[in-house]
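Chemist:
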Ligand code: PLP
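Numbering (the UniProt record's numbering), first residue to last: 8 to 463.
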């Protein structure tokens, strides 16, 4: 097999092999376009097979939080693989025990964690736990979940059902029954009217109304990111989440906080929900920054109120869910090392401090006619582009492509939101590794500024 592959490599180049055999994520087939093939990475930078260097301004898929090439992390994986290469969590192993305990400490509560392999699975697990919890807690009718339009919660069927981005679901629907959507806190395009004060709080109250209309005895949980990320970087006031948490409590509805992107420092706190006073989620889901992308791992942490409910034996009251690779020893060892580095190098504090100046530089861009709004927190930034400030008409796909392409020409990779609502994929997204140097950040800011000044 090795020799066949070798011959193939010699006779076709990588680009042709890629085109023939590799199905890319989110890919629109284009015979003429060549894929960018990464060869190696160091810190926030990577080099492609042509030798061109790029700063990864979106941390891969928002996960490469400590950047490429951390030897300690690779070493932790190596040592774990040599010591105990695999072990299932139907039984137990030390890295998973230590990591579950560390997660509980970081969440500042008493949490028990179920491990999986990805953010989608972490959310999938949360939905099953929530339904089963209510079912055996005397409320079998509580099965619905509420999420927000523009949210992304994953690619599996229930996670996709919580996802409320129209274009992601076309041709895959019908979704799983029992998922409802409400407007997000989004003051720039508030569904409650132009220039309405407290539009974020109105969005929170809307959740209360939906629960009332549906009947709280039918609603299992509300799932949300503290800050909608892939849906366009929406940054509500701190009070929004506090109010949603109160509403959930009032109705005995579980608050499920999706920290897949915002967890582990991305927003300048260890977890995004920690920006809002009095919020202690019932369930927290994590992935991406949990291992800084070095190995796959998902985690669903539940509070003791929920976990207690699964202790009663008999009548199928235990959680009947298993993942072969979830909580893989090497992934847990990598996560522990990743968290150790985040703590030792005070990454969260650093993000919080550096974000202020980065944001204020980016805010200057709002002087440009086509820059509708600049939003951000920590190392998570969104620049919403419009035809003009008055109409707020989103710029075209082609225009977004030209901005992203111009940044790439200058050596910077940035992203954009998915087509949340058709025609509204108009938010540039910047989320550099949390370990980016001051020079790296300067490069990101200057490149984006130069391109937008030229094109906007
Ligand atoms: N939740 C959020 C907020 C995400 O952004 C993502 C992925 O981008 C997911 C869940 C799904 O994670 P994964 O791609 O690891 O399944």
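Note that beta-carbon positions come from the ideal geometry of N, C-alpha and C, so glycine has one too.
The structure presented is a predicted model; accordingly, all values stated were derived computationally and were not measured.
Determine the DSSP secondary structure at residue 158, reduced to helix, strand or coil.
Modeler: If DSSP states are grouped into helix, strand and coil, residue 158 belongs with coil.
Chemist: Whole angstroms is fine: what's the gap from residue 307's alpha carbon to residue 366's?
Modeler: Distance between the alpha carbons of residue 307 and residue 366 is about 31 angstroms.
Chemist: Look up residue 79 in the DSSP assignment and give the residues it is bridged to.
Modeler: DSSP output for residue 79 lists no bridge partner at all.
Chemist: Could you tell me the distance, in whole angstroms, from the CA atom of residue 250 to the CA atom of residue 43?
Modeler: Each residue's Cα considered, the two are about 44 angstroms apart.
Chemist: Among 49, 76, 129, 38, which has the Cα closest to the Cα of residue 334?
Modeler: The candidate whose alpha carbon is nearest that of residue 334 is 129.
Chemist: Straight-line CA distance for residue 317 to residue 118?
Modeler: Cα to Cα, the separation comes out at about 13 angstroms.
Chemist: At a threshold of 7 angstroms, does residue 237 count as lining the ligand PLP (C-beta to nearest heavy atom)?
Modeler: True, at least one ligand heavy atom lies under 7 angstroms from that Cβ.
Chemist: With distances taken Cα to Cα, identify the nearest neighbour of residue 256 among 240, 227, 319.
Modeler: Taking only the C-alpha atoms, the option nearest residue 256 is 227.
Chemist: Can you tell which of 124, 83, 82, 142 has its C-alpha closest to the C-alpha of residue 322?
Modeler: The residue with the shortest Cα to Cα distance from residue 322 is 142.
Chemist: Roughly how many angstroms lie between the CA atoms of residue 330 and residue 125, to the nearest whole one?
Modeler: Straight-line Cα distance between these residues: approximately 11 angstroms.
Chemist: Have a look at residue 359 and residue 276 and give me their C-alpha separation to the nearest angstrom.
Modeler: C-alpha separation (whole angstroms): 7 angstroms.
Chemist: Measure the alpha-carbon distance for residue 54 versus residue 348 and round it to whole angstroms.
Modeler: Cα to Cα, the separation comes out at about 25 angstroms.
Chemist: Thinking C-alpha only, which one of 199, 332, 352, 97 is nearest residue 442?
Modeler: Nearest of 199, 332, 352, 97 to residue 442, Cα basis: 352.
Chemist: Do you know whose CA, among 24, 332, 62, lies nearest residue 41's CA?
Modeler: Per the Cα distances, 24.
Chemist: Does the ligand PLP have a heavy atom nearer than 7 angstroms to the CB of residue 268?
Modeler: Indeed, a heavy atom of the ligand PLP lies less than 7 angstroms from the Cβ.
Chemist: Hey, would you say residue 383 sits closer than 8 angstroms to residue 240, going by beta carbons?
Modeler: The answer is yes: Cβ separation under 8 angstroms.
Chemist: How many Å lie between residue 102 and residue 337 at the Cα?
Modeler: So the two alpha carbons sit approximately 8 angstroms from each other.
Chemist: Let me check you understand the geometry: is the CB of residue 316 closer than 7 angstroms to at least one non-hydrogen atom of the ligand PLP?
Modeler: It does not: the Cβ of residue 316 is nowhere closer than 7 angstroms to a heavy atom of the ligand PLP.
Chemist: Sort out for me which residues DSSP pairs residue 360 with in a bridge.
Modeler: For residue 360, which the question treats as bridged, DSSP gives no partner whatsoever.
Chemist: CB residue 214 to CB residue 153, shorter than 8 angstroms?
Modeler: Their beta carbons are under 8 angstroms apart, which means residue 214 touches residue 153 by this criterion.
Chemist: If we call anything under 8 angstroms between Cβ atoms a contact, is residue 155 one with residue 166?
Modeler: No, they are not a contact pair.
Chemist: Do you know how far the Cα of residue 372 is from the Cα of residue 65?
Modeler: About 19 angstroms.
Chemist: Grab the span of the beta strand (DSSP E) containing residue 350 for me, first residue to last.
Modeler: From DSSP, residue 350 is part of no beta strand (DSSP E) but of the alpha helix (DSSP H) over 336-351.
Chemist: Between residue 14 and residue 28, what straight-line distance do the alpha-carbon atoms span, to the nearest angstrom?
Modeler: Note that residue 14 scores 44 on pLDDT, short of 50, meaning its location in the model is unreliable and no value can be drawn from it.
Chemist: Any heavy atom of the ligand PLP closer than 7 angstroms to the Cβ of residue 68?
Modeler: Within the cutoff, so yes.
Chemist: Since residue 188 sits in a beta bridge, which residues does DSSP pair it with?
Modeler: According to DSSP, residue 188 bridges with 154.
Chemist: Since residue 265 sits in a beta bridge, which residues does DSSP pair it with?
Modeler: Residue 265 pairs with 292.
Chemist: Can you grab the Cα-Cα spacing for the pair residue 246 / residue 264, in whole Å?
Modeler: Going from the Cα of residue 246 to the Cα of residue 264 covers about 15 angstroms.
Chemist: Near residue 387, which residues of its chain fall below 7 angstroms by C-beta distance, leaving aside the five closest residues on each side in sequence?
Modeler: Excluding positions up to five away in sequence, the list reads 234, 236, 240, 273, 274, 438.
Chemist: Confirm, please, whether the CB-CB distance from residue 379 to residue 93 is below 8 angstroms.
Modeler: No, Cβ-Cβ distance for residue 93 and residue 379 is not below 8 angstroms.
Chemist: May I have the straight-line CA-CA distance separating residue 326 from residue 177, to the nearest angstrom?
Modeler: One C-alpha to the other measures close to 32 angstroms.
Chemist: For residue 207, which of 220, 217, 193 has the nearest alpha-carbon?
Modeler: The shortest C-alpha separation from residue 207 is found at 193.
Chemist: Is residue 160 near the ligand PLP, with its Cβ less than 7 angstroms from a heavy atom?
Modeler: Yes, since a heavy atom of the ligand PLP falls inside the 7 angstroms radius drawn around the Cβ of residue 160.
Chemist: Taking only three categories from DSSP, how would you classify residue 310?
Modeler: In the structure shown, residue 310 sits in a strand (DSSP, three-state: E or B).
Chemist: Flag residue 76 as yes when its Cβ comes closer than 7 angstroms to any non-hydrogen atom of the ligand PLP, and as no otherwise.
Modeler: No - the ligand PLP has no heavy atom lying nearer than 7 angstroms to the Cβ of residue 76.
Chemist: Measuring alpha carbon to alpha carbon, tell me which residue in 282, 324, 368, 301 is nearest residue 341.
Modeler: Of the candidates 282, 324, 368, 301, the one whose C-alpha sits nearest the C-alpha of residue 341 is 301.
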